[in-house]
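S.K.: Attaching a single structure in structure tokens format; questions to follow.
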Amino acid sequence: MRPLLLHLDHFGSFRDPVTVDFSDTDYFALVGPTGAGKSTIIDAVCFALYGTVPRWGREGAVAHALAPSVAAGKVAMVFDSDGRRYGVVRAMVRDAKGAVRTKEARLDELDPAAPLEQAFEAVVKPLAEGEGVTPEAQRVTGLEYRFFTQCVVLPQGRFAEFLHAAPRERQDLLVQLLDADVYELIRQRAAREEESARQEASFARDQLAKLSGASEEAERELAERMEALRRLSDAIGADLDLLRAREGDIRRAEQERAAVAERQAVLARLAMPEAVPTLASARRAAAEAVETLAREVATLEADEHEAFEALAALGDRGAPRAELAGLDARERLAADAARTRAEAEAAVTGLAGLAAAAETAEQAAGAAEERRERLRDAHAAAHLVHRLAVGEPCPVCHHPVAELPLHRSPADMRTADRALAQAREQAQRARAAHAKAETSASLLARQAEGLESQLAALPAPGDRAELEARLAEIAKADAVAGEARAAVRAARGRLQRARDHAGQVEHQTASAWQALESARDRLLVSGGRLDPVQEESSGDAPPPLVRDDLHRAWEELLAWRDRAAEAARAALAARERQLAEARDRLAADRRRLAERLAEHGVVPPRDASPDQLGAAVAGALARAESDLDRLREERRRAADLEQRVAMKEHEAKVAHELALRLRANAFERWLCAEALAVLVATASETLRELSDGQYELALADRTGDIEVIDHAEAGLRRSARTLSGGETFQAALALALALSGAVAKSLDSIFLDEGFGTLDPATLDTVATTLERLAAGQDRMIGLVTHVPALAERVPVRFEVSRDGKGSHVRKSGIAL
Numbered sequence: 000m001r002p003l004l005l006h007l008d009h010f011g012s013f014r015d016p017v018t019v020d021f022s023d024t025d026y027f028a029l030v031g032p033t034g035a036g037k038s039t040i041i042d043a044v045c046f047a048l049y050g051t052v053p054r055w056g057r058e059g060a061v062a063h064a065l066a067p068s069v070a071a072g073k074v075a076m077v078f079d080s081d082g083r084r085y086g087v088v089r090a091m092v093r094d095a096k097g098a099v100r101t102k103e104a105r106l107d108e109l110d111p112a113a114p115l116e117q118a119f120e121a122v123v124k125p126l127a128e129g130e131g132v133t134p135e136a137q138r139v140t141g142l143e144y145r146f147f148t149q150c151v152v153l154p155q156g157r158f159a160e161f162l163h164a165a166p167r168e169r170q171d172l173l174v175q176l177l178d179a180d181v182y183e184l185i186r187q188r189a190a191r192e193e194e195s196a197r198q199e200a201s202f203a204r205d206q207l208a209k210l211s212g213a214s215e216e217a218e219r220e221l222a223e224r225m226e227a228l229r230r231l232s233d234a235i236g237a238d239l240d241l242l243r244a245r246e247g248d249i250r251r252a253e254q255e256r257a258a259v260a261e262r263q264a265v266l267a268r269l270a271m272p273e274a275v276p277t278l279a280s281a282r283r284a285a286a287e288a289v290e291t292l293a294r295e296v297a298t299l300e301a302d303e304h305e306a307f308e309a310l311a312a313l314g315d316r317g318a319p320r321a322e323l324a325g326l327d328a329r330e331r332l333a334a335d336a337a338r339t340r341a342e343a344e345a346a347v348t349g350l351a352g353l354a355a356a357a358e359t360a361e362q363a364a365g366a367a368e369e370r371r372e373r374l375r376d377a378h379a380a381a382h383l384v385h386r387l388a389v390g391e392p393c394p395v396c397h398h399p400v401a402e403l404p405l406h407r408s409p410a411d412m413r414t415a416d417r418a419l420a421q422a423r424e425q426a427q428r429a430r431a432a433h434a435k436a437e438t439s440a441s442l443l444a445r446q447a448e449g450l451e452s453q454l455a456a457l458p459a460p461g462d463r464a465e466l467e468a469r470l471a472e473i474a475k476a477d478a479v480a481g482e483a484r485a486a487v488r489a490a491r492g493r494l495q496r497a498r499d500h501a502g503q504v505e506h507q508t509a510s511a512w513q514a515l516e517s518a519r520d521r522l523l524v525s526g527g528r529l530d531p532v533q534e535e536s537s538g539d540a541p542p543p544l545v546r547d548d549l550h551r552a553w554e555e556l557l558a559w560r561d562r563a564a565e566a567a568r569a570a571l572a573a574r575e576r577q578l579a580e581a582r583d584r585l586a587a588d589r590r591r592l593a594e595r596l597a598e599h600g601v602v603p604p605r606d607a608s609p610d611q612l613g614a615a616v617a618g619a620l621a622r623a624e625s626d627l628d629r630l631r632e633e634r635r636r637a638a639d640l641e642q643r644v645a646m647k648e649h650e651a652k653v654a655h656e657l658a659l660r661l662r663a664n665a666f667e668r669w670l671c672a673e674a675l676a677v678l679v680a681t682a683s684e685t686l687r688e689l690s691d692g693q694y695e696l697a698l699a700d701r702t703g704d705i706e707v708i709d710h711a712e713a714g715l716r717r718s719a720r721t722l723s724g725g726e727t728f729q730a731a732l733a734l735a736l737a738l739s740g741a742v743a744k745s746l747d748s749i750f751l752d753e754g755f756g757t758l759d760p761a762t763l764d765t766v767a768t769t770l771e772r773l774a775a776g777q778d779r780m781i782g783l784v785t786h787v788p789a790l791a792e793r794v795p796v797r798f799e800v801s802r803d804g805k806g807s808h809v810r811k812s813g814i815a816l
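Note that the sequence shown covers residues 0 to 816 in numbering that gives the first Met the number 0.
Now the structure itself:
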């Protein structure tokens, strides 16, 4: 099995659709940070084929195929196996209860010549659907799921399963990989061949017993009967022609009878529509209703015109509405101007208090600064006292010091600094408050002046009561005009309905005329001519239509129908008599011919036609010839069957001997043991190289378990389960490579998902070289999942897997030239 194209859509951590192309890749690595989704790609390969993944812990589990927030997903893969191309698709959904189930699964054989991106469209034949996909995948790949995860896909945590497997489990895998079960199949086939040969010999003896009647005398009797039937066949032609003429007479009589019966049926179906008698009065009533409603509409339209002219005389309501809006705006502007002027005057009144507070704060800051300077001088003097000496010049006045001054310890400078800072901050806040108040007062004064200027510029106000009365008068006139329009529309609707009803009545009348014309036309073209006397008495053609009265026209046509129906009944009775006479003549002639045929042993079907009678004679002749040929063939077969009995008894004896030789399963055990020995020897060479000569592998003589020979401990043999994690990885890798290359040569790919980070640099280099040699020396795909940069850099093709808030992503890179 070699994957070519893998498509993931909302599978695991891959939330967006992604397609991984392996078609031009033999040796690749999946790289990326932990949790990015590298192993998910290998999981998708396994899930596509078998519907489950080893990491999920339980076969058949699909709950981990979808993330908790995803409702549906799909995995699709195109792969080659044993020279053929296949496509497998599995789709999952989450039901209303949150459980994940497989919605669709199918496996198809594909056309290998089709482009890879169109592979799923080039289906050669469907192979399986639903639950049948996994068994069919096992057949196509040649491996069960448990063995597939031991020698093709080696997932995390299960890398060493084959190393630690029981001998019986390893033998089961080798039987599948080596096709060793073919020998059991050969034994079963030999047993079946023996049974089949014995059955065929017995069947041949039974057939030979059935041919005991194939004698020379029976052959002579059949030859004589065949000659008599040949003479009868040559002489029967004239009799058959007479029967055909009789049948022609019957067909013509039947056609004439059918034509008369059809005419009678057409006459019987003719009926006047129920609405015809009342259509004339309905037309008059509909016309009068239309005329009355038309006059009513004209009167209401005149009233509507008068109402709208009165409305137009009152003028547009826009001007008084605009004047009322101007009055409202003037009142709002006057209120805004008065409020703003009051706020401006209040702001000016508060400026004096803020100015006094600012002055007081400035004075307090000056006093605090003066106190701080005096304190600083006191600190400087106190510091200077320690440097004075009697008789030495003073550093301030330069006079000799007569006596050292006495200074008390001054107050703390930090307290004075804090007091000064607080005073300055209060002064700053006072100044800012005063400045802000001045700005606000100035702004309010300008706003008040602007509003007062706008108010003065407005035109003189109108009379609100007069404007509102005018608008009310216009609204009343508009309502009257609206009522008039509604009345006109209602009347027009009644008029239109009356006209529609009148149109329907006219349509019914036209349909009734059309039905009358159609019925008359059908009567004109109906088949079945009557006898001349009957045609003259009944009047063969329907009466002409009277266009001025529909009811009278229908009544005249129905009266004619009754006369024509009576004539048709008489004509039908005459045709029935003619048909009965023709059938009697045919029956007599057929009876005489049947008696002649019976003399020669020919029994035709009852009421057989001339062709059937001729075919019965020809058939009897053919059967006689066939019986003679069959008898001669049976005599030849009897001789062949005697030879076949002897041959099949010999074949049964040979097959019996072969089944005896292959009956024991020792041959299968021997073959698997030899293959396991080759596998362990090949893996031992790889492990010796990986472990720098320290370890080899060997088979235990008694149990068949795989053991490790430790050359660092003087060749000590011990169980492979005693190896450390890194050592177990080396041994398992050696077995996996040997299993993929030395024994299972039909395996087209191997995927290693294990921690190469446990290897030291030298061993890692050896592993990389071994994998490179395996990839270069065979037509096989090798895929790695690794976090080790040193190993990834040596792989020619890398699929970089990353993950962000939207899920996992894949990018192909590092293609070596």
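Cβ atoms here follow ideal geometry from the backbone N, Cα and C, with glycine treated the same way.
(1) Would LEU353 and HIS433 qualify as a contact pair, given that the criterion is a beta-carbon distance under 9 Å?
(2) Determine the DSSP secondary structure at MET0, reduced to helix, strand or coil.
(3) Thinking LEU278 and VAL504 are a contact (beta carbons under 8 Å), I'd like their distance in whole angstroms, please.
(4) Give the straight-line distance between the Cα atoms of ALA118 and LEU109, rounded to the nearest whole angstrom.
(5) Please report the distance separating the alpha-carbon of PRO399 from that of ALA410.
(6) Taking VAL384 as part of the alpha helix (DSSP H), name the residues at either end of that continuous run.
(7) Would you please state the rounded distance, in angstroms, between the beta carbons of LYS73 and ALA90? I believe it to be under 8 Å.
(8) Going by C-alpha distance, which of ALA761, GLU706, LEU732, THR762 is nearest LEU773?
(9) Among GLY86, ALA70, LYS124, TYR85, which has the Cα closest to the Cα of ALA98?
(10) Suppose you measure from the CA of PHE10 to the CA of PHE755; what does that come to, to the nearest Å?
(11) Let me check understanding here. Comparing Cα to Cα, which of ARG469, GLY314, TYR144, PRO166 lies closest to ALA676?
(12) Helix, strand or coil for SER683 per DSSP?
(13) Give the secondary structure of LEU696 by DSSP, where H, G and I count as helix, E and B as strand, and everything else as coil.
(14) Rounded C-beta distance between ARG560 and LEU266? I'm assuming under 8 Å.
(15) Compare the C-beta of LEU313 against all C-beta atoms of chain C and say whether one is closer than 9 Å.
(16) Mapping the DSSP letters down to three states, classify PHE21 as helix, strand or coil.
(17) Are there three or more Cβ pairs, one per stretch, closer than 8 Å when the segment 230-247 is compared with the segment 603-610?
(18) So, at 6 Å on beta carbons, what are the nonlocal neighbours of ASP335 in its own chain, with the 5 sequence-adjacent residues on each side left out?
(19) Can you tell me whether DSSP reads MET91 as helix, strand or coil?
(20) Which runs of the alpha helix (DSSP H), 4 residues or longer, sit entirely within the segment 258-313?
(21) For a quick check, are the C-beta atoms of PRO111 and ASP79 less than 9 Å apart?
(22) Under a three-way DSSP split, which group does ASP233 fall into?
(23) Taking the straight line between their C-alpha atoms, what separation do you get for ARG629 and GLU194?
(24) Would you check if the segment 439-449 and the segment 337-347 touch, i.e. whether three or more CB-CB distances between them fall below 8 Å?
(25) Can you name, in chain order, every residue of its own chain whose Cβ lies under 7 Å from the Cβ of ASP15, other than the five neighbours on each side?
(26) Quick check: the segment 550-560 against the segment 586-597, are there 3 or more CB pairs under 8 Å?
(27) Using DSSP with H/G/I as helix, E/B as strand and the rest coil, what is LYS811?
(28) Any idea which residues DSSP pairs ALA71 with across the strands?
(29) May I ask you to list the residues that DSSP assigns as paired with ARG802?
(30) What number of angstroms, rounded off, separates the C-alpha of LYS744 from the C-alpha of ARG643?
(31) Cα-Cα, which of ALA43, VAL77, PHE21 is closest to GLY64?
(32) Per DSSP, what kind of secondary structure is SER517 in: helix, strand or coil?
(33) Quick check on this structure: which residue in LEU4, ARG186, ALA35, GLU116 has the alpha carbon closest to the alpha carbon of LEU654?
(34) According to DSSP, which residues form a beta bridge with PHE78?
(35) What span of residues does the beta strand (DSSP E) with GLU575 cover, start to end?
(36) Can you tell me whether GLY86 is buried or exposed, with buried defined as 16 or more other CB within 10 angstroms of its CB?
M.R.: Taking the structure as given:
(1) yes
(2) coil
(3) 7 Å
(4) 7 Å
(5) 29 Å
(6) 317-384
(7) 4 Å
(8) LEU732
(9) ALA70
(10) 26 Å
(11) PRO166
(12) helix
(13) strand
(14) 5 Å
(15) Considering every chain present, this structure includes no chain C. It has just one protein chain.
(16) coil
(17) yes
(18) LEU450
(19) strand
(20) 278-312
(21) yes
(22) helix
(23) 30 Å
(24) yes
(25) LYS805, GLY806
(26) no
(27) strand
(28) VAL92
(29) SER807
(30) Because LYS744 carries a pLDDT of 45, less than 50, the predicted location of this residue cannot be relied on, and no value is offered for it.
(31) Sequence check: residue 64 is Ala here, not Gly. For the residues ALA43, VAL77, PHE21, the minimum Cα distance to ALA64 belongs to ALA43.
(32) helix
(33) Position check: residue 654 holds Ala in this sequence, whereas Leu was assumed. Nearest of LEU4, ARG186, ALA35, GLU116 to ALA654, Cα basis: ARG186.
(34) PRO2, TYR85
(35) Unbroken run through GLU575 is the alpha helix (DSSP H), 549-598; no beta strand (DSSP E).
(36) buried
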